Amino acid sequence: MQDTNPVHSGEASQTKELHSPETILLKDYRPKSIYKIPVTEIDKAKYPIIDMHSHPYARTAQQIEEWIKNMDEVGVQKTVILTMATGTEFDDIYRKYSKYPDRFEIWCGLDLSGYNKPGFGPAAVKELERCRQVGARGVGEIHDKGDGLVSGKSKAPGMHPDDTRMDALLERCAELGMPISLHVADPIWMYQRMDKTNDGLMNAYHWRLDNKPNIVSLSGMIDILDRTLTRHRRTTFIACHFANLDYDLARLGEMFERNPNLYADISARYAETAPIPRFASKFYEKYAERLVYGTDMGFEKPMYRVTFRILESLDEHFYEIEQFDYHWSLNGFGLSGETLKQVYHANATKLLAAHTDHPGDRTNKGNARGW
Ligand SMILES: [Zn+2]
Numbered sequence: 000m001q002d003t004n005p006v007h008s009g010e011a012s013q014t015k016e017l018h019s020p021e022t023i024l025l026k027d028y029r030p031k032s033i034y035k036i037p038v039t040e041i042d043k044a045k046y047p048i049i050d051m052h053s054h055p056y057a058r059t060a061q062q063i064e065e066w067i068k069n070m071d072e073v074g075v076q077k078t079v080i081l082t083m084a085t086g087t088e089f090d091d092i093y094r095k096y097s098k099y100p101d102r103f104e105i106w107c108g109l110d111l112s113g114y115n116k117p118g119f120g121p122a123a124v125k126e127l128e129r130c131r132q133v134g135a136r137g138v139g140e141i142h143d144k145g146d147g148l149v150s151g152k153s154k155a156p157g158m159h160p161d162d163t164r165m166d167a168l169l170e171r172c173a174e175l176g177m178p179i180s181l182h183v184a185d186p187i188w189m190y191q192r193m194d195k196t197n198d199g200l201m202n203a204y205h206w207r208l209d210n211k212p213n214i215v216s217l218s219g220m221i222d223i224l225d226r227t228l229t230r231h232r233r234t235t236f237i238a239c240h241f242a243n244l245d246y247d248l249a250r251l252g253e254m255f256e257r258n259p260n261l262y263a264d265i266s267a268r269y270a271e272t273a274p275i276p277r278f279a280s281k282f283y284e285k286y287a288e289r290l291v292y293g294t295d296m297g298f299e300k301p302m303y304r305v306t307f308r309i310l311e312s313l314d315e316h317f318y319e320i321e322q323f324d325y326h327w328s329l330n331g332f333g334l335s336g337e338t339l340k341q342v343y344h345a346n347a348t349k350l351l352a353a354h355t356d357h358p359g360d361r362t363n364k365g366n367a368r369g370w
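Mapping of the sequence shown onto numbering that gives the first Met the number 0: position 210 corresponds to residue 209, and the numbering continues sequentially without gaps.
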């Protein structure tokens with residue numbers, strides 16, 4: 000179009016000179032699919048959705064209203080807000096979103112301050128109980144990208160989730176029926192050399208970890224996650240983003256087999272799995288009971304719709320570079336209705352119901368909200 004526009008003819012001839020594989024930069028590459036094949040437009044998800052991985056993106060009451068409107072239009076029943084916060088910061092977010100108890104769940108962070116002082120534990124547990132009392136139904140998103148746990152503003156360098164210092168907190172989560180959304184490591188490309196062989200270079204460079212030689216490797220973090228799951232059998236963990244094993248889903252499958260207390264969310268790894276639709280869809284069908292839908296990418300309608308296209312359709316070779324930053328094309332998984340129901344809401348419903356019937360849950364009694 001631009002080439003034929005007389006207003007831009009000067010620019011056009013200038014860009015023409017750049018139209019060579021010698022001069023086009025990878026960051027500017029915007030291929031368009033030429034195939035005459037079906038294009039599926041899915042405005043609304045096939046089944047109701049519980050989004051298990053989002054954040055307090057909406058800051059004002061008006062934005063929250065707008066978000067709910069978008070959720071209605073695309074078919075998201077409920078969104079879990081991972082605040083990562085404790086104290087008054089948590090309370091403030093909770094106050095804003097809890098006006099809509101049917102539409103949002105608000106999860107808290109962990110207070111890790113004092114993690115390196117003797118006696119760490121009781122105060123953190125107390126704050127967890129307080130957040131639960133306020134209304135938090137789960138914990139997240141807690142990060143460990145290899146140099147220790149981070150929960151919002153709380154940092155604990157060198158302390159990983161399998162550390163004995165975390166025992167009291169993680170056990171209390173089980174007693175309170177609070178699942179933990181735990182983010183370990185990052186995608187594999189970020190650990191690899193930033194050169195022409197790096198498959199995910201466009202995104203990897205942004206979030207690179209190859210320049211942090213002292214952190215625990217991706218594989219090492221998966222071992223830590225595995226030990227955490229064994230150590231805290233009663234606690235339910237939701238590994239964010241397929242535990243960053245999107246490049247090695249078979250290993251995640253083995254973890255599911257070994258650890259009944261493990262779930263994984265699929266958030267922000269759509270573009271990472273869409274290049275391998277046959278392998279990925281088989282994985283979804285096999286582990287449908289352990290995967291939960293999530294976004295982690297704001298609250299705009301087109302964002303939700305791309306996720307539906309990938310999960311529901313069998314479309315091939317389509318680009319969403321602006322949404323995901325990768326230069327490759329995507330493919331749909333065409334998941335079965337049964338699998339979609341489980342991933343979209345059935346597993347999440349089970350997880351969110353866990354807090355209602357916990358015999359060891361002292362804070363349940365006399366709670367104003369009646370759960
Ligand atoms: Zn997140």
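Note that CB positions come from ideal geometry on N, CA and C, so glycine has one too.
Note that the coordinates shown come from a computational prediction; the quantities given were computed from them, not determined experimentally.
For a test of the three-state rule: what should DSSP assign to residue i, helix, strand or coil?
i    : result
H240 : helix
A353 : helix
T294 : coil
S12  : Confidence in S12 is poor, its pLDDT being 47 and thus under 50, which makes the residue's placement too unreliable to answer from.
S180 : strand
I187 : helix
F103 : strand
K77  : strand
L251 : helix
L329 : strand
W206 : coil
P447 : Because the chain here runs from 0 to 370, residue 447 falls outside it and cannot be looked at.
Y269 : helix
E299 : coil
G86  : helix
M70  : helix
E288 : coil
Y246 : coil
I33  : coil
I309 : helix
G118 : coil
H344 : helix
D324 : coil
M165 : helix
E40  : coil
T338 : helix
S280 : helix
K364 : Residue placement at K364 is poorly supported in this model, since its pLDDT is 35, which falls under 50; the coordinates are not used for a value here.
R129 : helix
R136 : coil
H7   : Any reading at H7 needs caution, since the residue's pLDDT is 44, under 50, leaving its predicted position unreliable; the model's value is listed next. Residue state, collapsed to three classes: helix.
K95  : helix
D110 : coil
L224 : helix
Name the DSSP bridge partner or partners of residue i?
i    : result
T22  : DSSP output for T22 lists no bridge partner at all.
A155 : L148
H142 : V149, H182
Y262 : I237
S218 : Looking at the DSSP assignment, S218 forms no beta bridge with any residue, so it has no partner.
D50  : T78
F317 : L329
What does the Cβ neighbour count give for residue i, buried or exposed, with the cut at 16 atoms within 10 Å?
i    : result
E126 : buried
W206 : exposed
Y93  : buried
F236 : buried
E271 : buried
H316 : exposed
R131 : buried
I141 : buried
K116 : exposed
H182 : buried
A60  : exposed
N330 : buried
F332 : buried
A352 : exposed
E104 : buried
L25  : exposed
E64  : exposed
Using 8 Å for Cβ pairs, my map puts residue i next to residue j. What's the rounded Cβ distance?
i    : j    : result
L109 : T85  : 7 Å
M177 : R136 : 7 Å
H240 : R268 : 5 Å
V79  : W106 : 6 Å
L261 : M254 : 6 Å
K47  : Y318 : Correcting the residue type first, residue 47 is Pro in the shown sequence and not Lys. With 8 Å as the limit, P47 and Y318 do not qualify as a contact, their Cβ atoms being about 29 Å apart.
Y190 : L168 : In fact, because the Cβ distance is near 28 Å, the residues do not count as touching under 8 Å.
I265 : Y292 : 6 Å
I187 : Y283 : Not really, about 20 Å apart at Cβ, beyond 8 Å.
P160 : T87  : No, P160 and T87 are not in contact; Cβ-Cβ is about 26 Å, not under 8 Å.
So is residue i in contact with chain C if we call contact Cβ pairs under 9 Å?
i    : result
G151 : Among the chains of the structure shown, chain C does not appear; only one protein chain is present.
Around ligand 1, which residues pass a check of Cβ closer than 5 Å to any of its heavy atoms? E140, D295
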